[in-house]
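First up is the structure itself, then whatever we jot down about it.
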Amino acid sequence: MRLRPVLRLAPLGALALLAAPCLLVALPAGAQAPKPPAAATAHLPGVQDMAAHRAAYRLTLEKTRENSDVAGVQGAMLFEVLDACDGWTTRQRLNLRILNRDGQQIDTASDYSTYESKDGHTLRFSMTQSSGGAVSQRVVGEATREADGSGTIRYEQPQASEARMPPGTLFPMMHTIKAIDTAVEGRRMMLAPLMDGTSEDGSQDSTTFILNWDGKPQEKPRFPLLANQGSGRMRIAFFGKPDGKDAGGAASPDYEVGLRYYANGVADDMKMDFGEFTLNGALEKLDPVPSRC
214 MRLRPVLRLA PLGALALLAA PCLLVALPAG AQAPKPPAAA TAHLPGVQDM AAHRAAYRLT
274 LEKTRENSDV AGVQGAMLFE VLDACDGWTT RQRLNLRILN RDGQQIDTAS DYSTYESKDG
334 HTLRFSMTQS SGGAVSQRVV GEATREADGS GTIRYEQPQA SEARMPPGTL FPMMHTIKAI
394 DTAVEGRRMM LAPLMDGTSE DGSQDSTTFI LNWDGKPQEK PRFPLLANQG SGRMRIAFFG
454 KPDGKDAGGA ASPDYEVGLR YYANGVADDM KMDFGEFTLN GALEKLDPVP SRC
């Protein structure tokens, strides 16, 4: 799982990154996760360690930028990862209620779903963002990846188009697996283009800073799914494309998230920096989802 909020304020670009004040059981009416293919695939290393789960996070405002118009923010994120045998199906919903200093209240929502093949070849994605009940953005399409990480993105919405991915590009679950592997190996940084389908602009650069990794499990974890799991804290920065060019060269990140990742891909203790404001994301509920494979 890779948590990254999908709201773009103009993004909670994507997680996720983040969702509604009720527990995630399914996507809202009319929203469907992309369907997996029927053919079997060879799995990449590390996928067997990822845990299928449902997680609910409560979002609270930590701070706002000086002179910001934002006076208050509250919300919730719901995240679901399902084992689809030859791939992973993820569903994420983020709801935020933003109050400005004039007393105006703005409700925003982001629904995001993907199918990512375990061989690292295919990503199918769908993202819908709304504000005040009206859809403001919808992105739908598919990306195919070659052995060197390069590939092609084919968008269906907002309009039919194609874009290229640079070599070394990772899909969301791959990004999580690689980040955890980097931490376990004792390295401190991972640089990689990321393609997650939360924007019509294609892939974007990401930098993951590994702050620490503790291979010793917690003695009394809050949730059974976190038992016998090493964990570590990371900070991930996501960079947009300057002036419509390739992602490289952006001076400051569009979005940053700090979190603790467990070895099975579950995340908690999130801190999401959207520039205008920073949110804390606390894990409120965590349930395993049995595999049907």
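Residue numbering for the sequence shown is 214 to 506, as defined by this note's numbering. For each residue, glycine too, the CB sits at the ideal point set by N, CA and C. Only a predicted model underlies this, so the values are computations on that prediction, with no experimental measurement involved.
query: CA-to-CA distance, Met403 to Lys475, given in whole angstroms; result: The residue asked about is misnamed: residue 475 is Tyr in this sequence, not Lys. Those two C-alpha atoms are separated by around 17 Å.
query: Beta-bridge partners of Ala289, as assigned by DSSP; result: Arg271, Asn308
query: Close-in-space but distant-in-sequence residues of the same chain around Thr335 (CB under 8 Å, 5 per side omitted); result: Pro250, Gly300, Tyr328, Glu329, Glu355, Ala356, Thr357, Arg358
query: Residue nearest to Asn280 in terms of C-alpha spacing, selected from Asn493, Glu489, Ser363, Arg505; result: Glu489
query: Classification of Ala253 by the beta-carbon crowding that lies within 10 angstroms, buried from 16 upward; result: For Ala253, the predicted model reports a pLDDT of 43, less than 50, meaning its position is unreliable; a value from the coordinates is still stated below. Per the 10 Å Cβ criterion, exposed.
query: Residue environment, Pro385, which counts as buried when at least 16 other CB atoms sit within 10 Å; result: buried
query: Span of the beta strand (DSSP E), counted from its first residue to its last, around Pro501; result: 490-501
query: Helix, strand or coil at Gln261 [DSSP, three-state]; result: helix
query: Helix, strand or coil at Val479 according to DSSP, with G and I counted as helix; result: coil
query: Host alpha helix (DSSP H) of Pro385 (start-end); result: 385-397
query: Beta bridge counterpart(s) of Leu336 as assigned by DSSP; result: Glu329, Ala356
query: DSSP-derived helix/strand/coil call for Leu295; result: strand
query: Terminal residues of the beta strand (DSSP E) in which Glu432 lies; result: Element bounds for Glu432: n/a, residue is neither H nor E.
query: Separation of Leu295 from Asp414, as counted between CA atoms; result: 27 Å
query: Minimum C-alpha distance to Tyr270 - residue among Leu291, Arg337, Met485, Asn308; result: Leu291
query: Pair within 8 Å by beta-carbon distance, Pro437 and His266; result: no
query: Where Leu439 sits in the DSSP three-state scheme; result: helix
query: CA-to-CA distance, Ser504 to Glu469, given in whole angstroms; result: 32 Å
query: Spatially closest choice to Ser419 from Ile393, Ile390, Gly443, Phe451, by CA coordinates; result: Phe451
query: CA-to-CA distance, Leu407 to His388, given in whole angstroms; result: 7 Å
query: For Ala440, the nearest candidate out of Gly428, Met447, Arg446, Arg448 (CA to CA); result: Gly428
query: Distance, Leu496 Cα to Ala392 Cα; result: 20 Å
query: Close beta carbons around Glu369, own chain, < 7 Å, minus the five adjacent residues each side; result: Val353, Gly354
query: Proximity below 8 Å, CB of Gly345 to CB of Ile319; result: yes
query: Separation of Gly362 from Gln417, as counted between CA atoms; result: 13 Å
query: Span of the beta strand (DSSP E), counted from its first residue to its last, around Arg314; result: From DSSP, Arg314 is part of no beta strand (DSSP E); its letter is neither H nor E.
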